[in-house]
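So the structure is just underneath, and the comments pick up after that.
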Amino acid sequence: MSTLDQAFIRAYQDRTEQSARAVEPTPTPVAAPVPSSAEATFPATLPLAPPPQRVERTELPATERKPLSSFAPQPSTVEARFQPGLEVDAFAWSPVCDELTSSGAPHWQQLHETLAVATDQGRTVVGIAGTSEGVGCTTLLLSVARTLTTAGKSIAIVDGNFSSPGLASQLGLEVDLGWENVLSGETPLAEATVASINDGITLLPLVRGGLRAAAQLDSIHTSVTAGVLRYHYDLVLVDLGSLSNVQQAGFAETIARQCRLDAALLATPDAAATIANAGQLDRLTPSIAAVTLGTLENQATSSIPLAAAG
Numbered sequence: 141m142s143t144l145d146q147a148f149i150r151a152y153q154d155r156t157e158q159s160a161r162a163v164e165p166t167p168t169p170v171a172a173p174v175p176s177s178a179e180a181t182f183p184a185t186l187p188l189a190p191p192p193q194r195v196e197r198t199e200l201p202a203t204e205r206k207p208l209s210s211f212a213p214q215p216s217t218v219e220a221r222f223q224p225g226l227e228v229d230a231f232a233w234s235p236v237c238d239e240l241t242s243s244g245a246p247h248w249q250q251l252h253e254t255l256a257v258a259t260d261q262g263r264t265v266v267g268i269a270g271t272s273e274g275v276g277c278t279t280l281l282l283s284v285a286r287t288l289t290t291a292g293k294s295i296a297i298v299d300g301n302f303s304s305p306g307l308a309s310q311l312g313l314e315v316d317l318g319w320e321n322v323l324s325g326e327t328p329l330a331e332a333t334v335a336s337i338n339d340g341i342t343l344l345p346l347v348r349g350g351l352r353a354a355a356q357l358d359s360i361h362t363s364v365t366a367g368v369l370r371y372h373y374d375l376v377l378v379d380l381g382s383l384s385n386v387q388q389a390g391f392a393e394t395i396a397r398q399c400r401l402d403a404a405l406l407a408t409p410d411a412a413a414t415i416a417n418a419g420q421l422d423r424l425t426p427s428i429a430a431v432t433l434g435t436l437e438n439q440a441t442s443s444i445p446l447a448a449a450g
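Note that my numbering numbers the sequence shown so that position 7 is 147, with each residue one more than the last.
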């Protein structure tokens, strides 16, 4: 576990300990009883004690005094440096992403304005989920991330699709470490990330995902992951997969709860599908439904689908 991960865990623990710690009263010293003069007897040969010496009080220079606040315990701090374990010159973007990012400018502008309002409010961890299989949730997330970097934003993307991970492969990468290694506690977060120098995007991939890896989502490492990325990047985008897959919907709900998801966007084929899936969304993923900003239809007014099948 890296120093950065440990610092965030200590910060969580310190906050809990400080709120629960009670202040114990300082005991008041009690003077020992002194026998009265009538009862005290001394041998005649006992020498008298010398008179007490006068001790002059020495004032400390003002520069040597310390305020009481300097003795209070200081909160744990987080290192300002986050160094991904792997760097590449650039990701290998698919032709679909190239077309989406170049041809959907009017629609991206509206989306950027929506996200700008959210980030101004401190809502910087955003999930993107599909209302059904094959609506292009992953491709849409990559396109959103790519267009946001043109505005000078630092972006982190997280593969949270434990049922069908695919962010790394869509970017032309084969990885040996992923989020599942971080969740198990065997790998520091930074070592599992991949940064693209030219793209300005950092990826936290999944290697294989699966039920066993998703079972680790209830650990503190999930919250630490979100906390560290939130601290170091302007925006964190999480691929939540398809919510029509009941198992993946459960994984997405856990991610939303543990990562304290700030907002969500839904990739959908059309408005009718959004209305049809509204009840299922509220039932299966209430944490996501509560923070949903809106939907992105893949058959909007653009000449190409805004969310192509990925």
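Glycine is no exception: its CB is placed at the ideal position from the N, C-alpha and C atoms.
CB of residue i within 7 Å of CB of residue j, strictly
i: threonine 278; j: aspartate 379; result: yes
i: alanine 465; j: proline 224; result: Look at the range of the chain in this structure, 141 to 450, and you will see that residue 465 is not part of it.
i: serine 396; j: serine 427; result: Looking at the sequence shown, residue 396 is not serine but alanine. Yes.
i: leucine 317; j: alanine 330; result: no
i: glutamine 388; j: serine 303; result: yes
i: valine 275; j: arginine 370; result: no
i: glutamate 273; j: serine 363; result: no
i: phenylalanine 391; j: alanine 355; result: no
i: histidine 361; j: valine 322; result: yes
i: threonine 425; j: leucine 406; result: no
i: aspartate 229; j: serine 294; result: no
i: leucine 433; j: threonine 254; result: yes
i: isoleucine 268; j: leucine 281; result: yes
i: valine 431; j: alanine 403; result: yes
i: threonine 394; j: glutamate 437; result: no
i: glycine 312; j: alanine 232; result: yes
i: isoleucine 337; j: glutamate 239; result: no
Residue range of the alpha helix (DSSP H) that includes residue i
i: glycine 270; result: First-last for glycine 270: 265 to 270, but that is the beta strand (DSSP E), not the alpha helix (DSSP H).
i: serine 309; result: 307 to 310
i: proline 238; result: The displayed chain sequence assigns aspartate, not proline, to residue 238. From DSSP, the alpha helix (DSSP H) with aspartate 238 extends over 235 to 243.
i: leucine 375; result: Unbroken run through leucine 375 is the beta strand (DSSP E), 375 to 382; no alpha helix (DSSP H).
i: alanine 366; result: 360 to 372
i: threonine 290; result: Counting along the chain, threonine 290 falls outside any alpha helix (DSSP H), and DSSP gives it neither H nor E.
i: arginine 351; result: With the sequence shown as reference, residue 351 is identified as leucine, and arginine is not the correct amino acid for it. It spans 351 to 354 - the alpha helix (DSSP H) in which leucine 351 sits, taken as one unbroken run.
i: leucine 323; result: 319 to 323
i: valine 386; result: 386 to 398
Beta-carbon separation (whole angstroms), residue i vs residue j, contact threshold 8 Å
i: proline 305; j: glycine 270; result: With a Cβ gap of about 14 Å, proline 305 and glycine 270 do not count as contacting.
i: leucine 346; j: glutamate 320; result: 6 Å
i: leucine 343; j: alanine 308; result: 7 Å
i: alanine 285; j: histidine 252; result: So it is not a contact: roughly 12 Å between Cβ atoms.
i: serine 243; j: glutamine 310; result: Not really, about 19 Å apart at Cβ, beyond 8 Å.
i: arginine 400; j: alanine 366; result: 6 Å
Start-to-end residues for the beta strand (DSSP E) that takes in residue i
i: threonine 408; result: 403 to 408
i: threonine 425; result: Neither: threonine 425 is in no beta strand (DSSP E) and is coded neither H nor E.
i: serine 336; result: 334 to 336
i: glycine 340; result: Per DSSP, glycine 340 belongs to no beta strand (DSSP E) and is neither H nor E.
i: valine 228; result: 226 to 228
i: leucine 433; result: 432 to 437
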